[in-house]
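Just below is one structure, and these are the notes that go with it.
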Amino acid sequence: MIILQDVKYSRGQFKIQQMVFVLVAILIFFGIVAVFYVSIKFGSVRQDVQDERQEAAIAQVRKMAGTPEFIWTSWEDCASCVDMDKIFLLKNRTSYQGFWKDVALLKVSRVYPKYRTEECTTVSYPQCNEITLVKKEGFQSYESFVSLCRYDGDIGQARCEIGKVIVGFEGVENAM
Amino acid sequence: MQCKLRKGQEEIVGFVLIVVLVVIVLVIFLGIQLRNPKPQQRESEVIYQFLESSMEQTTNCTLSEGASYLALDDLIRECHESGSLCISGDNSCDSAEETFKKLVNGSFVVGPSYPHKGYDVSALYVVNASGQSQTESVLNLTAGNCSGNYIGNSYWIPEFPGSIIVRTKLCF
Numbered sequence: 000m001i002i003l004q005d006v007k008y009s010r011g012q013f014k015i016q017q018m019v020f021v022l023v024a025i026l027i028f029f030g031i032v033a034v035f036y037v038s039i040k041f042g043s044v045r046q047d048v049q050d051e052r053q054e055a056a057i058a059q060v061r062k063m064a065g066t067p068e069f070i071w072t073s074w075e076d077c078a079s080c081v082d083m084d085k086i087f088l089l090k091n092r093t094s095y096q097g098f099w100k101d102v103a104l105l106k107v108s109r110v111y112p113k114y115r116t117e118e119c120t121t122v123s124y125p126q127c128n129e130i131t132l133v134k135k136e137g138f139q140s141y142e143s144f145v146s147l148c149r150y151d152g153d154i155g156q157a158r159c160e161i162g163k164v165i166v167g168f169e170g171v172e173n174a175m
Numbered sequence: 000m001q002c003k004l005r006k007g008q009e010e011i012v013g014f015v016l017i018v019v020l021v022v023i024v025l026v027i028f029l030g031i032q033l034r035n036p037k038p039q040q041r042e043s044e045v046i047y048q049f050l051e052s053s054m055e056q057t058t059n060c061t062l063s064e065g066a067s068y069l070a071l072d073d074l075i076r077e078c079h080e081s082g083s084l085c086i087s088g089d090n091s092c093d094s095a096e097e098t099f100k101k102l103v104n105g106s107f108v109v110g111p112s113y114p115h116k117g118y119d120v121s122a123l124y125v126v127n128a129s130g131q132s133q134t135e136s137v138l139n140l141t142a143g144n145c146s147g148n149y150i151g152n153s154y155w156i157p158e159f160p161g162s163i164i165v166r167t168k169l170c171f
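Taken in sequence, the protein lines are chains X and S. Note that numbering that gives the first Met the number 0 has the first sequence beginning at 0, numbered continuously upward. Note that numbering that gives the first Met the number 0 has the second sequence beginning at 0, numbered continuously upward.
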């Protein structure tokens, strides 16, 4: 009788052990599957964060284009317009040297149409492509599309052409 | 004893069968989830700024002697309203399309060996009449391959009683 009871007790324990092993195996299996699924599904999150940061930086550059030194005031309803004549005059103005303190690069570049002369001078303006206001070493640059507007005497009206404001910030080379 | 061995083997077979069934179901589920994913789209501030700036571009089209040269948004409106001719002889729609194409090609380099594989630009006139939305195509420009993921945005040009929506997609 005692021997029979011992046997029953061992069998019960054996059954419990079996169930525990099965449950642990199932848990490990589903855990591995879940890890695979999550890694595939969320693999692009880092890239998405970088893209969002870049867009935020580009929005900041656009705000620079809205400052009084850049803005085109002839039309009230043009948020993207900058005054190219005003920017060109600022280029060699000594009172504006050091005005943009934390900026390592600040330039305005024409996208279309492109001319042969790259940097604008008093001789080549306005048939030129770039006006550089600040240029130092060591920066990460961001650019924003704007409309470069100026008075064109040939057609007797304001002419606007698509361009970019390019801003480089010091000490953020590895920000991205 | 043989009965005990058979029972153990039966249990093992049963367990293996269950595991195999679950694996098959999971593989089918993962396969459906990961195969042919929908092209991902993202709204882009860069594209919006491009569109906003492009609309101010002074074109080479003027409708009459002494009149102002039209900005691109006005030229697109003119194309939709009457398709009138510029004094150079070009049709306003052709002039708008040509200008827009040059702006897009100057701003974004597309091609199979570049990060951007193609673009798709469209201008649609949309108006709500009698509770129904009516659309009319004004402009359409495509280049390269635009079947995958893309970034895009749209710009609204008021054109009473509706609006012209200019959409640009830059594809990866």
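Just so it is clear, CB atoms sit at the ideal spot from N, CA and C, and this is done for glycine as well.
- Task: Pull up the DSSP beta-bridge partners for S/Asp119, would you.
- Result: Locating residue 119 of chain S in the second sequence gives position 120, where the first residue counts as 1. According to DSSP, which records beta bridges pairwise, S/Asp119 is partnered with S/Thr141, S/Lys168.
- Cutoff 6 Å; reference S/Ser121; Cβ partners in own chain excluding five residues on either side: Position 122 of the second sequence, counted from the first residue, corresponds to residue 121 of chain S. For S/Ser121, where only same-chain residues beyond five positions count, the Cβ hits under 6 Å are Asn139, Arg166.
- Residue of X/Tyr124, X/Leu26, X/Ile86, X/Val19 minimising C-alpha distance to X/Phe69: Sequence index remark: in the first sequence, residue 69 of chain X carries index 70 (1-based). The residue with the shortest Cα to Cα distance from X/Phe69 is X/Ile86.
- Neighbour flag for S/Lys101 against chain X, beta carbons, 8 Å: Indexing the second sequence from 1 puts residue 101 of chain S at position 102. For S/Lys101, the answer is yes, since a Cβ of chain X falls inside 8 Å of its Cβ.
- Task: Just grab the DSSP bridge partners of X/Phe144 for me.
- Result: As a working note, residue 144 of chain X is residue 145 in the first sequence. BP columns for X/Phe144 point to X/Lys163.
- So the beta strand (DSSP E) S/Tyr154 belongs to, where does it begin and stop? Start at 1 with the first residue of the second sequence, and residue 154 of chain S comes out as number 155. Unbroken beta strand (DSSP E) run through S/Tyr154: 149-158.
- Message: Just to confirm before moving on: does the CB-CB distance between X/Cys159 and S/Thr98 stay below 8 Å?
- Response: For the purposes of this step, residue 159 of chain X is taken as residue 160 along the first sequence, with counting starting at 1. For the purposes of this step, residue 98 of chain S is taken as residue 99 along the second sequence, with counting starting at 1. Going by C-beta atoms, X/Cys159 is not nearer than 8 Å to S/Thr98.
- Mind checking whether X/Val164 and X/Glu142 have CB atoms under 8 Å apart? Along the first sequence, one-based indexing puts residue 164 of chain X at 165. Along the first sequence, one-based indexing puts residue 142 of chain X at 143. Closer than 8 Å, so yes.
- Item | X/Met18 classed as buried or exposed, judged by whether at least 16 other C-beta atoms fall within 10 angstroms | As a working note, residue 18 of chain X is residue 19 in the first sequence. When all chains shown are included, X/Met18 counts as exposed.
- Message: Please report the straight-line C-alpha distance between S/Lys168 and S/Asp119, rounded to a whole angstrom.
- Response: For the purposes of this step, residue 168 of chain S is taken as the residue at position 169 of the second sequence. For the purposes of this step, residue 119 of chain S is taken as the residue at position 120 of the second sequence. Between S/Lys168 and S/Asp119, the C-alpha separation is close to 5 Å.
- Message: At the 8 Å Cβ level, is X/Ile27 part of the contact set with chain S, yes or no?
- Response: Mapped onto the first sequence, residue 27 of chain X falls at position 28. Contact of X/Ile27 with chain S is not assigned, every C-beta pair being separated by 8 Å or more.
- Task: Report the residue from S/Pro157, S/Ser43, S/Pro114 whose alpha carbon sits nearest the alpha carbon of X/Asp47.
- Result: If you number the first sequence from 1, residue 47 of chain X lands on position 48. Comparing Cα-Cα distances from X/Asp47 to each of S/Pro157, S/Ser43, S/Pro114, the minimum goes to S/Ser43.
- Message: Which residues in chain S have a C-beta closer than 7 Å to the C-beta of X/Ala58? List them in chain order.
- Response: What you label residue 58 of chain X is simply residue 59 of the first sequence in a count that begins at 1. Neighbours of X/Ala58 on chain S, chain order: Glu44.
- Query: Can you give the Cα-Cα distance for X/Glu118 and X/Val145, rounded to whole angstroms?
  - Reply: Mapped onto the first sequence, residue 118 of chain X falls at position 119. Mapped onto the first sequence, residue 145 of chain X falls at position 146. Roughly 18 Å between the two C-alpha positions.
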